Amino acid sequence: MRRDANQSALTSPTVGIFTSTAPVGELVSAGQVIGSIEVLAVKYALRVPNGVAGRVMSNVGEGRTRVPVQYGDVLFTLSTASEVGTTASALSRAAGVEAELSFVAPMSGRFYSRPSPTEEAFINEGDTVREGQTVGLLEVMKTFNRLVYQGEALPESAVVRKILPSDGNDVVRGDVILALKPIGGK
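Using our numbering, the final residue of the sequence shown is 188, and nothing's skipped along the way.
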């Protein structure tokens, strides 16, 4: 990572194939997953380093899905939080997606929010999800796996605050899929 007064450049930690999940203009903060890097067919989540926050001004590949990168290549350029006029509370809300209750990807794959392009989404922001309910699909090696709302750390029901990946985005195991607000105990 390189910094100057108005921006930070987030650099590649290794040689590999980079995939961005943070589009230009998105507000990002410390700990947030902003992409993945594939090394020898293994994907690793890339997170914003501690003490860094801002708006994505540019990213490598300019819209390409998979971009070959070298060690030290600039992956993202962020304008600093003070320059874009964000408040500390806005940044903490953005960072809080992972710190609060969330439903995470059980494995790496491609996320789909609906059973087919012509059908309604399984869930929408503001919906209540219950244990055992399908919340999306995860395509792994041309096989579609149902993502079922369940887990020891999750309440029996919760309200969907935000659906983080867009339809067709790649996710890495452990990426947050749903930011949730609990409404009942388990």
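For glycine and all other residues, C-beta sits at the position ideal for the given N, C-alpha and C.
Since this is a predicted model, take the numbers as computed values, not measurements.
Beta-carbon contacts of residue i that lie in its chain and below 6 Å, excluding the five residues immediately before and after
i           : result
residue 173 : 107, 113 and 167
residue 76  : 11 and 13
residue 40  : 18 and 19
Residue i, buried or exposed, once every other Cβ within 10 Å from all chains shown has been counted against 16
i           : result
residue 34  : buried
residue 134 : exposed
residue 131 : buried
residue 176 : exposed
residue 61  : buried
residue 118 : exposed
residue 185 : exposed
residue 42  : exposed
Euclidean distance between Cα positions of residue i and residue j
i           : j           : result
residue 55  : residue 32  : 6 Å
residue 150 : residue 21  : 26 Å
residue 57  : residue 29  : 4 Å
residue 8   : residue 16  : 25 Å
residue 152 : residue 158 : 8 Å
residue 103 : residue 47  : 19 Å
Beta carbon of residue i nearer than 9 Å to that of residue j
i           : j           : result
residue 182 : residue 156 : yes
residue 19  : residue 68  : yes
residue 124 : residue 178 : no
residue 110 : residue 169 : no
Residue(s) in a DSSP beta bridge with residue i
i           : result
residue 61  : 78
residue 9   : 81
residue 167 : Answer by DSSP bridge pairing: none, since residue 167 is not bridged.
is_contact[residue i, chain D] using C-beta, thresh 9 Å
i           : result
residue 150 : Absence of chain D from the displayed structure is noted, only one protein chain being present.
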